[in-house]
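Engineer: Protein chains in written order, with our numbering: chain F, 1 to 220; chain Y, 221 to 440.
Where is the CB? At the ideal position from N, CA and C, for every residue including glycine.
Every value quoted in this text rests on a predicted model; they were computed, and no experiment measured them.
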DNA sequence: CGGCTGGTTGAGGCATCTCAAACGCAGTGG
DNA sequence: CCACTGCGTTTGAGATGCCTCAACCAGCCG
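Rendered as structure tokens:
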């Protein structure tokens, strides 16, 4: 649907390998990008060097909105594995949006969803204990896969524990311990061999785990 | 500037008193809103009842973007004191945007800035200790006032410690202690009488306090 | 005055961080 | 083929920052 509308715009396709930057903070903003394949993170960096993963982006996600206001990007967008990006000049897109209101609606839709996702992340960060936060993270990941028609019972984290921890506001050891506990409770399973492949037999069980964590906390 | 462009659109004005909702999660989305006077918070509520303040909005801020994608709002917008809201039907705004690209640019500008602000909040939440987070919060508040041409050396928090704590991901006692420490360090001052009025003799000192907190943490 | 709400402060507990050791796996070079 | 190295992960033990619980205070209002 996105792609169909974009069929009438000049699109630049680009393949990025793991670790490559699509754009960096300070880069001049000219294009919006759509993830066509692969998986990307956005990283905010403070003046003093603190780094924070602020977003994870799968196929279909738009990247680059942060640059519109200031005409420069405010964060880095980095490929987590080999991926393909479709880029559209923002000025060309705006011109086309004026002729095609449906295209504008699609764009606003994506922006609105990104804001909603950020709010959800803040909610999780502020109100969930570490274990539940990890469970919630996995649930969101599995649901994102389902929405794209992919299997959600067998997921591959393309991030290190340190990156997951950074995104979730905790240390890598805490992530590791949380995953171990989830596995002990049979809410997730480790695939033999890889500690990066997880089995999620039942996505709803992750949600139940979150609720259970909260219930236990209030009981005491 | 916003207001000028809006002079050519049908605008509904509405005054809200402290505590009144502009919209609530689940409400049908029809309008975008601009804060013309007063001060608003947006509150995300999870299915299980967890509440989280996810945004604070001063004069000039847009509200309601979260409803575009789903055609229903995903959070509550609540007045923190008496305020006036200008509302514009989204469909009418879109129609006008197509005739006036500058209006569209203004809109995207606001959306882009909101995303950048959310990212900044996540960075603070995840990388700053409680005291520094409070200092950072006050700095942002003071800067927001400065941007609007208001005095930033004397600010009035229209929120309780509990609300500040909720927004910053900490408990009210922690906020209170952080403010006490900031006052002890002469980074802020309490106006005689109200604990709600703060003096910020030097906004830059707040930033310095944040950096100092981080430096001390790494030394040890 | 008395109750209520919001704020401050102290004491103790707990969740998470810090520090440290050990493991598995992949790549490299002898 | 087997050290050897480096990176990511796991797990334990102890430290600590924030939370919990509780007491008290100040302002406000009926």
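Could you tell me if residue 294/Y is buried or exposed, where buried requires 16 or more neighbouring beta carbons within 10 angstroms of its beta carbon?
Structural biologist: Buried, since its Cβ has 16 or more Cβ neighbours within 10 Å.
Engineer: Out of 315/Y, 267/Y, 417/Y and 345/Y, state which residue places its alpha-carbon closest to the alpha-carbon of residue 387/Y.
Structural biologist: Minimum Cα distance to residue 387/Y is reached at 345/Y.
Engineer: Using a beta-carbon distance below 8 angstroms, is residue 402/Y in contact with chain F?
Structural biologist: False, the Cβ-Cβ gap to chain F never drops below 8 angstroms.
Engineer: Who pairs with residue 299/Y in a beta bridge, going by DSSP?
Structural biologist: Note: residue 299/Y sits in a beta bridge opposite 260/Y.
Engineer: Any idea which residues DSSP pairs residue 23/F with across the strands?
Structural biologist: BP columns for residue 23/F point to 77/F.
Engineer: So, using beta-carbon positions, are residue 22/F and residue 40/F closer together than 8 angstroms?
Structural biologist: Closer than 8 angstroms, so yes.
Engineer: Relative to the C-alpha of residue 256/Y, which candidate in 306/Y, 436/Y, 231/Y and 363/Y has its C-alpha closest?
Structural biologist: Closest by alpha carbon: 306/Y.
Engineer: Name the residues in the region 61-85 of chain F whose C-beta lies less than 9 angstroms from a C-beta of chain Y; which are they?
Structural biologist: Against chain Y - using a Cβ distance shorter than 9 angstroms - the residues of the region 61-85 of chain F are 65, 66, 67, 68, 69, 70, 74 and 75.
Engineer: Work out the CA separation of residue 131/F and residue 89/F for me, nearest whole Å.
Structural biologist: Between residue 89/F and residue 131/F, the C-alpha separation is close to 42 angstroms.
Engineer: Which whole-angstrom value describes the C-beta separation of residue 18/F and residue 82/F, a residue pair presumed to lie in contact below a C-beta threshold of 8 angstroms?
Structural biologist: Between residue 82/F and residue 18/F the Cβ distance is about 6 angstroms, and since that is below 8 angstroms, they are a contact.
Engineer: Which residue wins for smallest C-alpha separation from residue 267/Y, given the options 56/F, 123/F and 42/F?
Structural biologist: Among 56/F, 123/F and 42/F, the Cα nearest to that of residue 267/Y is on 123/F.
Engineer: Assuming the contact rule is C-beta atoms closer than 8 angstroms, residue 43/F and residue 78/F should be a hit. Round their C-beta distance to whole Å, please.
Structural biologist: With 8 angstroms as the limit, residue 43/F and residue 78/F qualify as a contact, their Cβ atoms being about 6 angstroms apart.
Engineer: How about residue 157/F and residue 151/F: do their beta carbons lie closer than 8 angstroms?
Structural biologist: No. Outside cutoff.
Engineer: Buried or exposed for residue 253/Y, please, with buried defined as at least 16 other CB atoms from any protein chain shown within 10 angstroms of its CB.
Structural biologist: So residue 253/Y ends up on the buried side.
Engineer: Quick one, are the C-beta atoms of residue 348/Y and residue 229/Y less than 8 angstroms apart?
Structural biologist: Result no, Cβ atoms of residue 348/Y and residue 229/Y do not sit closer than 8 angstroms.
Engineer: Taking 8 angstroms as the threshold (beta carbon to beta carbon), is residue 235/Y in contact with chain F?
Structural biologist: Not an interface residue.
Engineer: Quick one: is residue 21/F near chain Y, going by C-beta distance under 8 angstroms?
Structural biologist: Judged by the 8 angstroms Cβ criterion, residue 21/F is not in contact with chain Y.
Engineer: According to DSSP, is residue 271/Y helix, strand or coil?
Structural biologist: Strand, per DSSP.
Engineer: Looking at chain F, is there any beta carbon in it that lies within less than 8 angstroms of the beta carbon of residue 333/Y?
Structural biologist: True, the Cβ-Cβ gap to chain F drops below 8 angstroms.
Engineer: Work out the CA separation of residue 107/F and residue 443/Y for me, nearest whole Å.
Structural biologist: The displayed coordinates of chain Y run from 221 to 440. Any statement about residue 443/Y would go beyond what the structure contains.
Engineer: To the nearest angstrom, report how far apart residue 182/F and residue 192/F are at their CA atoms.
Structural biologist: C-alpha separation (whole angstroms): 16 angstroms.
Engineer: Contact check, residue 381/Y vs residue 426/Y under 8 angstroms by CB: the rounded distance?
Structural biologist: Contact doesn't hold; Cβ gap of about 18 angstroms is too wide.
Engineer: Counting C-beta neighbours from all protein chains within 10 Å, is the total for residue 112/F 16 or more, i.e. buried, or is it exposed?
Structural biologist: Its Cβ being crowded by 16 or more others within 10 Å, residue 112/F is buried.
Engineer: Cutting at 6 angstroms between CB atoms, please list the residues of its own chain near residue 172/F, excluding the five before and the five after it.
Structural biologist: 161, 162 and 165.
Engineer: By the DSSP assignment, the alpha helix (DSSP H) with residue 131/F in it spans what residues?
Structural biologist: Its alpha helix (DSSP H) spans residues 130-147.
Engineer: Quick check: the Cα distance between residue 396/Y and residue 60/F, rounded to an integer number of angstroms?
Structural biologist: One C-alpha to the other measures close to 44 angstroms.
Engineer: Counting along the chain, where does the alpha helix (DSSP H) carrying residue 384/Y start and finish?
Structural biologist: Start and end: 381-388.
Engineer: Would you mind telling me which residues of chain Y sit closer than 9 angstroms to residue 150/F, beta carbon to beta carbon, in chain order?
Structural biologist: Per Cβ cutoff of 9 angstroms: no residues; residue 150/F is ~21 angstroms from chain Y at best.
Engineer: Shorter than 8 angstroms from the beta carbon of residue 134/F to some beta carbon of chain Y?
Structural biologist: False, the Cβ-Cβ gap to chain Y never drops below 8 angstroms.
Engineer: Could you tell me the alpha carbon to alpha carbon distance between residue 232/Y and residue 405/Y, rounded to whole angstroms?
Structural biologist: For residue 232/Y and residue 405/Y, the distance between alpha carbons rounds to 47 angstroms.
Engineer: Using a Cβ cut-off of 9 angstroms, pull out every chain F residue sitting near residue 324/Y, in sequence order please.
Structural biologist: Going along chain F in sequence order, the residues near residue 324/Y (Cβ under 9 angstroms) are 94, 97, 98 and 104.
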